[in-house]
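These notes are about the structure you will find just below.
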Amino acid sequence: MNDINLTPKLQQKMSSRPRVRGRYNASEMYFIINGSTTPEQWLNPSEKKVKEMLTMWDGIGTHNQIQDLLGKDHCEMKKEWVYKGIILVGKVDFMPPNSPDDLWEIKSSERKMTTAKPWHEYQAKLYCTMFNKKRGLIYQPVKNSEGVYLKHLGTVEKSDGWFEIEMIKLFEFHEKVERLWNSKIN
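Residue numbering for the sequence shown follows this note's numbering, starting at 118 and increasing by one per position.
Dropping the structure here:
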């Protein structure tokens, strides 16, 4: 018997979707605003390495398992926020029905974290305004021989003023993307 290489199927499954100008994902916004992602990189994302794809695939699997335990009716709640003709798209991992002021962001990782990363907090804070919630709680799923639990990594508070400033920055980035796009067409 020969081995069966499933890597091409993984690459197909995990490949980047084509960008839609004027449409930005909240999960990428921290890197856009902080300059880690340039307009050129946003328009032409690099191909993911197999290790990156496997990490993402594992994270998707963990998220699916946690959603099964929490109840899918309150998971992956999507919202689109329109600002000056651009759209910010966000998907909250979980909206706890017994805590109407809160939303939860669930961050999987190969390593056990002690606190939320700055980009985790940033995304949860965006969602607080987008979904009109007072607090964003950030958790990491932990599975071990004792069971499964969500480890609390941090909490952020809603700040509509901060959100407005971040949207201005995103619009400035969008204008750079548009200039770049137009220079390549002409």
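Glycine included, each C-beta is placed from N, C-alpha and C at the ideal position.
Looking at I282, P258, Y266 and G253, the one whose alpha-carbon comes closest to that of E274 is G253. For K224 and E292, the gap between their C-alpha atoms comes out near 31 angstroms. CA-to-CA, the gap between K189 and Q182 works out to about 10 angstroms.
For G278, the enclosing alpha helix (DSSP H) begins and ends at D277 to I302. Where L187 is concerned, the enclosing alpha helix (DSSP H) starts and stops at V167 to L187.
Rounded to the nearest angstrom, the gap between the Cα atoms of K165 and S132 is 7 angstroms. Annotation for H237: the continuous alpha helix (DSSP H) segment containing it runs P235 to M247. When only Cα atoms are considered, E227 and P258 end up about 10 angstroms apart. Secondary structure of K196 (DSSP, three-state): strand. Under DSSP, the beta-bridge partners assigned to G207 are K196.
In the same chain as W221, and ignoring 5 residues on each side of it, the C-beta atoms closer than 7 angstroms to its own belong to D210, F211, P213, L254 and Y256, in chain order. M173 is positioned such that its CB atom lies no closer than 8 angstroms to that of G207.
Assignment of D218 by DSSP, reduced to helix, strand and coil, places it in the coil class. With fewer than 16 other CB atoms across the displayed protein chains lying within 10 angstroms of its CB, Q158 is exposed. Looking at the DSSP output, N122 shares a beta bridge with no other residue. For E145, the three-state secondary structure derived from DSSP is helix. Here L186 is exposed. Its C-beta has fewer than 16 other C-beta atoms within 10 Å.
Taking C-beta atoms under 8 angstroms as the contact rule, Y200 and M284 qualify, at a distance of about 5 angstroms. Here E157 carries a helix assignment [DSSP, helix/strand/coil].
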